[in-house]
Each structure stands twice: as structure tokens, then as C-alpha cells.
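Engineer: One structure follows; several queries about it will come next.
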Amino acid sequence: MLKIIIAAAFLITLSIHFFLDSASLEPNANWADASELTQQTQLTGYELYFRDGEYFLGLSYAMAAAFTIFALSRFKFDKSKGILGIFSGVTLSAALYAFGCFLIGCCGSPMAVVYAGLFGSSFLGFTKPIVFIITLISIGIGYRLMLKKPEGKVCSTDGCKTC
């Protein structure tokens, strides 16, 4: 059941991004029709979504949503990690925010993408794949940390045992 929920979160997030973003890429009827000026056929929003690589951002959002559901389910069902898991997660989050806030956008301004754009990645067309790769790396690190067994004593309802 959990796999279905995770897959549903992934697909719903991806489809919401696809439909909202491709609708915003549609030519606006209130503006002059540029196809008359250039004698070229205009692309639809759906075609622009794939041509411009917007699907990388959709995949990034969908992966983040699916991983969030997975992480919340692990926290709910694996209570043996308890306070240790919460404390280490908060500490890791604090370190990531302290060192990465300015680069990945703590205030809605993703500076890593801005810097990459300044150095030509948006001109060359690989800014969106970079965001997707950063998302995959951070999810991979989070997944490894979640599966890592804590060192020391683990206490649960049936007593403490040493790992």
C-alpha cells in the first residue's frame, strides 16, 4: 500500500507540474501573434514543456514529494529510532541550512542556479538538469542516512540492546 501511495504522490506531482507549466507556456491570445511575423508555426505549451527541459523540474518536484512521503512513513513505522533519529535529522538539516542556504535558495532565490546561469549554464541549456541532479544527490544522501543503523544502544519497548 505504501508503494502505491509513494507512486501516486510522484505521478500526481509530476502531472500537476506538467499541466500547470505547459498551460503557462501556451501563447497568450492578448499578445501579437509572433507566427505572423516570423512565418513559423508556434509551438504549443506541451511541446515547449519537453523542448525547454521543463520536465527536469517536474521530475525534481515529483522525486522530492515521493521521498517526503517515504521519509514520513519510515518515521511513523520505525519508532525505535525515536529521539536519536529526530535529533540527528534536525542537526543535519541545521548544517545543510547553515552551509547551503545561500546557494540553494533559503529565501526563494536559488543562488546556485543564478551563479550557474552567470557562468553560462542557462545559455548552454543545462541549468534544469543540474537542479534535477542536485535533487537526486540529496535524496540519495537522505535515503542512505535513513537506512544507516545507529551506533550504540537502541531502546524500544522490549528493552535496550547494543548494536
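The end of the sequence shown is residue 162 by numbering that gives the first Met the number 0, with every number in the run present.
We put the beta carbon where it would ideally sit given N, CA and C, even for glycine.
If you're wondering where the values come from, they're calculated on a predicted model, not measured in any experiment.
#1: Could you give the distance in angstroms between the alpha-carbon of Y142 and the alpha-carbon of Q41?
#2: CA-CA distance, L19 and I138?
#3: Is it buried or exposed for F66, if we count other Cβ within 10 angstroms and need 16 for buried?
#4: Does DSSP put D51 in a helix, a strand or coil?
#5: According to DSSP, simplified to helix, strand and coil, what is T43?
#6: Residues in its own chain within less than 6 Å of L13 by CB, not counting five upstream and five downstream?
#7: Helix, strand or coil, according to DSSP, for M62 in the structure here?
#8: Give the secondary structure of M0 by DSSP, where H, G and I count as helix, E and B as strand, and everything else as coil.
#9: Can you say whether K127 is buried or exposed, counting buried as having 16 or more other CB atoms within 10 angstroms of its CB?
#10: Below 8 Å between beta carbons: does that hold for F131 and S23?
#11: Look up M145 in the DSSP assignment and say whether it is helix, strand or coil.
#12: Within this structure, are the beta carbons of A64 and A6 separated by less than 8 Å?
#13: When you compare only the Cα positions, how much space is there between R73 and M145?
Structural biologist: Let me spell this out:
#1: The residue given as residue 142 occupies position 143 in the sequence shown. The residue given as residue 41 occupies position 42 in the sequence shown. Approximately 43 Å, taken between the alpha carbons.
#2: By one-based count along the sequence shown, residue 19 stands at place 20. By one-based count along the sequence shown, residue 138 stands at place 139. Going from the Cα of L19 to the Cα of I138 covers about 25 Å.
#3: Stepping through the sequence shown from its first residue, residue 66 is reached at position 67. Burial state of F66 is buried, judged by a 10 Å Cβ sphere holding 16 or more other Cβ atoms.
#4: Reading the sequence shown from its first residue, position 52 is the one you call residue 51. D51: coil per DSSP, three-state reduction.
#5: Working through the sequence shown from its first residue, we reach residue 43 at position 44. The answer is coil: DSSP assigns T43 none of H, G, I, E or B.
#6: Within the sequence shown, residue 13 is the residue found at index 14, counting from 1. In its chain, beyond the 5 residues on either side, G57, A61 have a beta carbon closer than 6 Å to the beta carbon of L13.
#7: Taking the first residue of the sequence shown as position 1, residue 62 is located at position 63. Three-state result, M62: helix.
#8: Along the sequence shown, read from residue 1 onward, the residue named residue 0 stands at position 1. M0: coil per DSSP, three-state reduction.
#9: Locating residue 127 in the sequence shown gives position 128, counting from the first residue. In the assembly as shown, K127 is a buried residue. Its beta-carbon has 16 or more other beta-carbons within 10 Å.
#10: Taking the sequence shown and counting its residues from 1, the one referred to as residue 131 is at position 132. Taking the sequence shown and counting its residues from 1, the one referred to as residue 23 is at position 24. No; because the gap between Cβ atoms is not below 8 Å, this pair is not in contact.
#11: As a position in the sequence shown, residue 145 is number 146, starting the count at 1. Reduced to three states, the DSSP call for M145 is helix.
#12: As a position in the sequence shown, residue 64 is number 65, starting the count at 1. As a position in the sequence shown, residue 6 is number 7, starting the count at 1. No, the Cβ-Cβ distance between A64 and A6 is not below 8 Å.
#13: Reading the sequence shown from its first residue, position 74 is the one you call residue 73. Reading the sequence shown from its first residue, position 146 is the one you call residue 145. R73 and M145: Cα-Cα distance of roughly 8 Å.
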